[in-house]
Amino acid sequence: MTAVGIVDAVACGLVYYVVASGLTLILGSLRVLTLAHGSAYLAGTWLAWQLQADTPAGYLAALGAAIPTGIALGSVGAALTWPLRRHGHLAQALATLGLSLIAAQAFAAATGGGWLPATPPPPLDTTVSIAGARYPAYRLLFIAAALLIALILWVTMSRTKAGLTVRAVADDPAMAASIGIRPALVHSLVFAAGTVLAVLAGVLAAPIVPGGPGTDGQMLVTSLLIVVLGGAGDLRGAFVAALVTGAVTTIGVITAPAVAPFLLFAVLVAVVAIRPSGLGSRRWA
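Going by the numbering used here, the first residue of the sequence shown is number 25, and it counts up by one from there.
Spelled out as C-alpha coordinates, the structure:
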(Lines of atoms letter the chains of each structure in order from A and count residues from 1; the text may use other names and numbers.)
(Lines give C-alpha, C1' and ligand atoms only; values in the text may rest on other atoms or scores of the structure.)
Protein backbone atom coordinates (compact mmCIF):
# COMPACT_ATOMS: atom_id res chain seq x y z
CA MET A 1 0.00 0.00 0.00
CA THR A 2 1.28 3.47 -0.89
CA ALA A 3 1.77 6.29 1.62
CA VAL A 4 -1.44 7.91 0.42
CA GLY A 5 -3.27 4.61 0.82
CA ILE A 6 -2.02 4.26 4.38
CA VAL A 7 -3.17 7.78 5.29
CA ASP A 8 -6.52 7.07 3.63
CA ALA A 9 -6.89 3.88 5.68
CA VAL A 10 -6.16 5.79 8.90
CA ALA A 11 -8.65 8.53 7.98
CA CYS A 12 -11.31 5.94 7.14
CA GLY A 13 -10.68 4.05 10.36
CA LEU A 14 -10.90 7.21 12.47
CA VAL A 15 -14.22 8.18 10.88
CA TYR A 16 -15.53 4.83 12.01
CA TYR A 17 -13.91 5.20 15.43
CA VAL A 18 -15.52 8.52 16.32
CA VAL A 19 -18.93 7.07 15.46
CA ALA A 20 -18.30 3.68 17.08
CA SER A 21 -16.85 5.20 20.26
CA GLY A 22 -20.27 6.64 21.02
CA LEU A 23 -21.87 3.23 20.54
CA THR A 24 -19.15 1.61 22.66
CA LEU A 25 -19.88 4.13 25.41
CA ILE A 26 -23.63 3.49 25.32
CA LEU A 27 -23.47 -0.28 25.01
CA GLY A 28 -20.59 -0.74 27.43
CA SER A 29 -21.91 1.42 30.26
CA LEU A 30 -25.69 1.34 29.79
CA ARG A 31 -26.12 -2.15 28.31
CA VAL A 32 -28.32 -0.55 25.66
CA LEU A 33 -28.13 -1.66 22.03
CA THR A 34 -29.29 1.41 20.14
CA LEU A 35 -30.08 0.87 16.47
CA ALA A 36 -30.57 4.60 15.92
CA HIS A 37 -26.87 5.41 16.26
CA GLY A 38 -26.29 5.63 12.51
CA SER A 39 -29.12 8.16 12.28
CA ALA A 40 -27.13 10.50 14.54
CA TYR A 41 -24.24 10.42 12.05
CA LEU A 42 -26.71 11.17 9.28
CA ALA A 43 -28.02 14.13 11.29
CA GLY A 44 -24.47 15.48 11.46
CA THR A 45 -24.03 15.31 7.69
CA TRP A 46 -27.38 17.07 7.31
CA LEU A 47 -26.19 19.87 9.61
CA ALA A 48 -23.04 20.28 7.52
CA TRP A 49 -25.16 20.50 4.36
CA GLN A 50 -27.94 22.67 5.77
CA LEU A 51 -25.62 25.20 7.43
CA GLN A 52 -23.35 25.39 4.39
CA ALA A 53 -20.24 24.00 6.05
CA ASP A 54 -18.26 24.73 2.87
CA THR A 55 -17.88 28.26 4.25
CA PRO A 56 -15.87 29.06 7.41
CA ALA A 57 -18.89 30.56 9.20
CA GLY A 58 -21.14 27.67 8.19
CA TYR A 59 -18.55 25.11 9.25
CA LEU A 60 -18.23 26.63 12.71
CA ALA A 61 -22.01 26.88 12.98
CA ALA A 62 -22.39 23.20 12.09
CA LEU A 63 -19.79 22.20 14.68
CA GLY A 64 -21.56 24.31 17.29
CA ALA A 65 -24.96 22.88 16.38
CA ALA A 66 -23.67 19.31 16.64
CA ILE A 67 -23.59 19.42 20.44
CA PRO A 68 -27.18 20.56 21.15
CA THR A 69 -28.45 18.35 18.32
CA GLY A 70 -26.69 15.33 19.78
CA ILE A 71 -27.96 16.14 23.27
CA ALA A 72 -31.52 16.45 21.98
CA LEU A 73 -31.40 13.21 20.01
CA GLY A 74 -29.64 11.40 22.84
CA SER A 75 -32.22 12.61 25.34
CA VAL A 76 -34.98 11.14 23.19
CA GLY A 77 -33.13 7.83 23.01
CA ALA A 78 -32.49 7.82 26.75
CA ALA A 79 -36.10 8.64 27.59
CA LEU A 80 -37.26 5.84 25.31
CA THR A 81 -34.86 3.15 26.53
CA TRP A 82 -34.77 3.82 30.30
CA PRO A 83 -38.32 2.51 30.97
CA LEU A 84 -37.52 -0.58 28.88
CA ARG A 85 -34.38 -1.58 30.79
CA ARG A 86 -36.18 -4.40 32.61
CA HIS A 87 -37.59 -5.82 29.38
CA GLY A 88 -34.25 -6.83 27.89
CA HIS A 89 -32.11 -5.75 24.97
CA LEU A 90 -34.64 -6.78 22.34
CA ALA A 91 -37.26 -4.28 23.50
CA GLN A 92 -34.69 -1.48 23.55
CA ALA A 93 -33.32 -2.47 20.15
CA LEU A 94 -36.80 -2.52 18.60
CA ALA A 95 -37.66 0.85 20.13
CA THR A 96 -34.50 2.47 18.79
CA LEU A 97 -35.05 0.77 15.44
CA GLY A 98 -38.36 2.61 15.30
CA LEU A 99 -36.49 5.86 15.97
CA SER A 100 -34.08 5.14 13.13
CA LEU A 101 -36.95 4.49 10.71
CA ILE A 102 -38.59 7.77 11.69
CA ALA A 103 -35.25 9.55 11.25
CA ALA A 104 -34.75 8.01 7.81
CA GLN A 105 -38.17 9.23 6.68
CA ALA A 106 -37.50 12.69 8.09
CA PHE A 107 -34.16 12.79 6.27
CA ALA A 108 -35.79 11.79 2.99
CA ALA A 109 -38.47 14.47 3.42
CA ALA A 110 -35.91 17.16 4.24
CA THR A 111 -33.47 16.37 1.45
CA GLY A 112 -35.52 14.67 -1.22
CA GLY A 113 -33.74 11.40 -0.52
CA GLY A 114 -30.56 12.40 -2.35
CA TRP A 115 -26.93 12.63 -1.37
CA LEU A 116 -25.67 15.65 0.51
CA PRO A 117 -22.54 17.02 -1.18
CA ALA A 118 -20.02 18.44 1.25
CA THR A 119 -16.72 20.20 0.67
CA PRO A 120 -14.28 21.55 3.26
CA PRO A 121 -14.34 25.30 3.89
CA PRO A 122 -11.46 27.45 2.69
CA PRO A 123 -8.57 27.40 3.41
CA LEU A 124 -9.00 23.69 4.28
CA ASP A 125 -10.06 22.79 0.72
CA THR A 126 -6.46 22.64 -0.48
CA THR A 127 -4.07 19.73 -0.96
CA VAL A 128 -0.66 18.86 0.41
CA SER A 129 2.12 16.66 -0.92
CA ILE A 130 2.57 13.17 0.53
CA ALA A 131 5.33 11.06 -1.03
CA GLY A 132 5.03 13.07 -4.23
CA ALA A 133 1.24 12.76 -4.48
CA ARG A 134 -1.35 15.42 -3.74
CA TYR A 135 -3.63 14.69 -0.80
CA PRO A 136 -6.60 16.59 0.66
CA ALA A 137 -5.39 18.68 3.60
CA TYR A 138 -8.79 18.39 5.27
CA ARG A 139 -8.35 14.66 5.78
CA LEU A 140 -5.14 15.30 7.70
CA LEU A 141 -6.98 17.84 9.84
CA PHE A 142 -9.72 15.29 10.45
CA ILE A 143 -7.15 12.70 11.55
CA ALA A 144 -5.75 15.18 14.08
CA ALA A 145 -9.25 16.07 15.34
CA ALA A 146 -10.26 12.42 15.66
CA LEU A 147 -7.10 11.56 17.58
CA LEU A 148 -7.80 14.46 19.94
CA ILE A 149 -11.37 13.21 20.48
CA ALA A 150 -10.04 9.70 21.17
CA LEU A 151 -7.55 11.04 23.72
CA ILE A 152 -10.14 13.20 25.50
CA LEU A 153 -12.59 10.31 25.64
CA TRP A 154 -10.01 7.88 27.01
CA VAL A 155 -8.78 10.32 29.67
CA THR A 156 -12.36 11.15 30.68
CA MET A 157 -13.37 7.53 31.10
CA SER A 158 -10.21 6.24 32.75
CA ARG A 159 -8.84 9.19 34.73
CA THR A 160 -11.70 11.41 35.91
CA LYS A 161 -14.45 11.31 38.52
CA ALA A 162 -17.06 11.42 35.74
CA GLY A 163 -15.59 8.29 34.20
CA LEU A 164 -15.46 6.60 37.59
CA THR A 165 -19.14 7.39 38.12
CA VAL A 166 -20.08 5.92 34.75
CA ARG A 167 -18.04 2.79 35.45
CA ALA A 168 -19.67 2.41 38.85
CA VAL A 169 -23.15 2.49 37.33
CA ALA A 170 -22.06 0.09 34.59
CA ASP A 171 -20.65 -2.42 37.09
CA ASP A 172 -23.36 -2.29 39.77
CA PRO A 173 -26.28 0.17 39.38
CA ALA A 174 -27.83 -0.79 42.74
CA MET A 175 -24.60 -0.24 44.64
CA ALA A 176 -24.01 3.04 42.80
CA ALA A 177 -27.51 4.22 43.75
CA SER A 178 -26.87 3.33 47.39
CA ILE A 179 -23.97 5.81 47.55
CA GLY A 180 -25.94 8.66 46.03
CA ILE A 181 -25.33 8.21 42.30
CA ARG A 182 -28.46 8.58 40.18
CA PRO A 183 -28.42 5.82 37.53
CA ALA A 184 -31.25 7.47 35.55
CA LEU A 185 -29.26 10.70 35.25
CA VAL A 186 -26.10 8.81 34.26
CA HIS A 187 -28.16 6.91 31.67
CA SER A 188 -29.35 10.18 30.12
CA LEU A 189 -25.93 11.85 30.19
CA VAL A 190 -24.07 8.89 28.71
CA PHE A 191 -26.68 8.38 26.00
CA ALA A 192 -26.43 12.08 25.13
CA ALA A 193 -22.62 11.99 25.09
CA GLY A 194 -22.53 8.94 22.83
CA THR A 195 -25.01 10.54 20.45
CA VAL A 196 -23.06 13.82 20.40
CA LEU A 197 -20.00 11.86 19.26
CA ALA A 198 -21.94 10.41 16.32
CA VAL A 199 -23.42 13.78 15.29
CA LEU A 200 -20.01 15.45 15.62
CA ALA A 201 -18.51 12.70 13.47
CA GLY A 202 -21.15 13.43 10.83
CA VAL A 203 -20.23 17.12 10.71
CA LEU A 204 -16.47 16.53 10.69
CA ALA A 205 -16.51 13.63 8.24
CA ALA A 206 -19.19 14.89 5.83
CA PRO A 207 -16.55 15.75 3.17
CA ILE A 208 -15.11 12.22 3.56
CA VAL A 209 -18.24 10.05 4.00
CA PRO A 210 -21.20 12.20 2.89
CA GLY A 211 -24.74 11.58 4.03
CA GLY A 212 -27.23 9.91 1.76
CA PRO A 213 -29.59 6.95 1.41
CA GLY A 214 -28.22 4.05 3.43
CA THR A 215 -25.44 5.99 5.16
CA ASP A 216 -27.13 5.54 8.54
CA GLY A 217 -27.34 1.78 8.06
CA GLN A 218 -23.74 1.58 6.85
CA MET A 219 -22.48 3.48 9.88
CA LEU A 220 -24.59 1.43 12.28
CA VAL A 221 -23.43 -1.92 10.92
CA THR A 222 -19.79 -0.83 10.81
CA SER A 223 -19.99 0.54 14.36
CA LEU A 224 -21.52 -2.70 15.63
CA LEU A 225 -18.77 -4.65 13.91
CA ILE A 226 -16.13 -2.46 15.59
CA VAL A 227 -17.77 -2.88 18.99
CA VAL A 228 -17.71 -6.67 18.58
CA LEU A 229 -14.12 -6.66 17.30
CA GLY A 230 -12.89 -4.34 20.02
CA GLY A 231 -14.95 -5.70 22.89
CA ALA A 232 -18.00 -4.00 24.38
CA GLY A 233 -16.99 -1.06 26.54
CA ASP A 234 -13.32 -1.20 25.56
CA LEU A 235 -12.35 2.14 24.02
CA ARG A 236 -8.81 1.06 23.27
CA GLY A 237 -10.06 -2.12 21.64
CA ALA A 238 -12.55 -0.09 19.60
CA PHE A 239 -9.72 2.19 18.45
CA VAL A 240 -7.64 -0.75 17.23
CA ALA A 241 -10.69 -2.40 15.66
CA ALA A 242 -11.59 0.83 13.84
CA LEU A 243 -8.10 1.14 12.36
CA VAL A 244 -8.24 -2.51 11.27
CA THR A 245 -11.65 -1.85 9.72
CA GLY A 246 -10.32 1.21 7.90
CA ALA A 247 -7.34 -0.74 6.57
CA VAL A 248 -9.44 -3.70 5.41
CA THR A 249 -11.99 -1.37 3.78
CA THR A 250 -9.32 0.64 1.96
CA ILE A 251 -7.41 -2.42 0.77
CA GLY A 252 -10.65 -4.07 -0.33
CA VAL A 253 -11.82 -1.04 -2.31
CA ILE A 254 -8.43 -0.76 -4.03
CA THR A 255 -7.84 -4.43 -4.81
CA ALA A 256 -11.27 -6.09 -4.97
CA PRO A 257 -14.21 -3.66 -4.82
CA ALA A 258 -16.77 -6.39 -5.50
CA VAL A 259 -15.87 -8.36 -2.37
CA ALA A 260 -14.78 -5.47 -0.14
CA PRO A 261 -17.94 -5.56 2.05
CA PHE A 262 -17.43 -9.26 2.76
CA LEU A 263 -13.81 -8.86 3.84
CA LEU A 264 -14.85 -7.09 7.04
CA PHE A 265 -17.11 -9.94 8.05
CA ALA A 266 -14.35 -12.43 7.27
CA VAL A 267 -12.07 -10.51 9.65
CA LEU A 268 -14.86 -10.45 12.25
CA VAL A 269 -15.35 -14.21 12.07
CA ALA A 270 -11.60 -14.82 12.32
CA VAL A 271 -11.13 -12.53 15.34
CA VAL A 272 -14.16 -13.87 17.21
CA ALA A 273 -13.04 -17.44 16.57
CA ILE A 274 -9.57 -16.73 17.97
CA ARG A 275 -10.44 -14.17 20.66
CA PRO A 276 -14.17 -14.16 21.53
CA SER A 277 -13.78 -11.22 23.94
CA GLY A 278 -12.47 -8.98 21.16
CA LEU A 279 -9.17 -7.24 20.49
CA GLY A 280 -9.27 -5.19 23.70
CA SER A 281 -7.90 -6.36 27.00
CA ARG A 282 -10.41 -4.88 29.43
CA ARG A 283 -13.36 -2.53 29.58
CA TRP A 284 -12.59 1.20 29.54
CA ALA A 285 -8.92 0.44 28.90
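Each residue gets a CB set at the ideal place from its N, CA and C atoms; glycine is no exception.
Between the C-alpha atoms of Leu59 and Leu267 there is a straight-line separation of about 22 Å. In the structure shown, Pro207 falls within a helical segment according to DSSP collapsed to helix, strand and coil. Straight-line spacing of the CA atoms in Arg299 and Gly238 works out to 31 Å. Scanning the stretch 130-183 for uninterrupted alpha helix (DSSP H) segments of 4 residues or longer gives 161-183, listed from N- to C-terminal end.
The three-state secondary structure of Met25, taken from DSSP, is coil.
Rounded to the nearest angstrom, the Cβ distance from Val152 to Leu164 is 7 Å, consistent with a contact under 8 Å. Taking Gln74 as reference, the option from Pro92, Ile275 and Val227 with the minimal CA-CA separation is Val227. The criterion of a C-beta distance shorter than 8 Å is not satisfied by Ala86 and Ala96. By the beta-carbon neighbour count (other beta carbons within 10 angstroms, threshold 16), Ala265 is buried. In this chain, the alpha helix (DSSP H) harbouring Arg260 covers Leu259 to Thr279.
Around the beta-carbon of Gly218, 16 or more other beta-carbon atoms lie within 10 Å, marking it buried. Its chain contains Thr219, Val220 and Val223 as the residues whose beta carbon lies nearer than 6 Å to that of Gly94, once the 5 sequence neighbours on both sides are disregarded; these appear in chain order.
Residue burial is scored here from C-beta neighbours: Ala157 has fewer than 16 other C-beta atoms within 10 angstroms and is therefore classed as exposed.
Distance from the Cα of Thr189 is smallest, within the candidate group Ala198, Ile205, Ala284 and Leu47, for Ile205.
Arg109 sits in a helix when the DSSP states are folded into three classes. Here Phe166 is buried, its C-beta having at least 16 other C-beta atoms within 10 Å. Counting C-beta atoms within 10 angstroms of its own C-beta, Ser247 has 16 or more neighbours from the protein chains shown and is therefore classed as buried.
Secondary structure of Asp196 (DSSP, three-state): coil. Between Ala77 and Ala142, the beta carbon gap of about 6 Å places them in contact (Cβ cut-off 8 Å).
In the three-state reduction of the DSSP assignment, Ala256 falls in the coil class. Our two residues, Val56 and Ala155, have alpha carbons roughly 44 Å apart in a direct line.
Sorting Ala27, Thr26, Ser63 and Ala216 by C-alpha distance to the C-alpha of Met243 places Ser63 at the top.
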